[in-house]
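Here's the structure, in structure tokens; my notes come after.
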Ligand SMILES: [Cu+2]
């Protein structure tokens with residue numbers, strides 16, 4: 004029993020060390036590529052074939068952008084039928100090359 008406890012505490016401390024490194028690399032990679040931001044967006048127009056939509060979006064602090072009207076790519080796994088002109092949505096966006104891409108969308112909660 005004592006051996007098991009010793010082994011467990013050794014495993015736990017090994018995990019702590021590993022965890023510390025993991026956090027550092029996760030933070031680093033977020034800076035590099037995985038920044039994303041969730042905000043509200045009003046749909047102005049949509050091109051379902053090109054999978055782009057003109058949205059008036061709220062602030063995207065993680066991406067260093069204020070609210071504005073601009074065009075977004077809509078990811079393949081996002082339901083583009085949500086993007087009807089006039090619809091109020093909550094969207095999650097990330098960088099996509101030079102542009103921004105909506106990677107999740109839902110009707111805005113009341
Ligand atoms: Cu913008």
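Numbering (the numbering used here), first residue to last: 4 to 113.
Heads up, the beta-carbon is just placed ideally off N, CA and C, and yes, glycines get one too.
This structure is a prediction, so every number in the text was calculated from the model and none was measured.
{"Check": "Assumed close pair residue 1, residue 101 - CB separation to whole angstroms, cut-off 8 Å", "Outcome": "This structure gives no information on residue 1, because the portion of the chain shown stretches from 4 to 113."}
{"Check": "Exposure of residue 84, with buried meaning 16 or more beta-carbon neighbours within 10 Å", "Outcome": "exposed"}
{"Check": "Pairwise C-alpha distance: residue 76 and residue 48", "Outcome": "12 Å"}
{"Check": "Residue closest to residue 88, alpha-carbon to alpha-carbon, out of 40, 38, 50 and 39", "Outcome": "50"}
{"Check": "For residue 77: DSSP bridge partner residues", "Outcome": "105"}
{"Check": "Cβ neighbour criterion (16 or more within 10 Å) applied to residue 69", "Outcome": "exposed"}
{"Check": "Endpoints, the beta strand (DSSP E) within which residue 2 is located", "Outcome": "Beyond the ends of the chain as shown, which are 4 and 113, falls residue 2; an answer cannot be given."}
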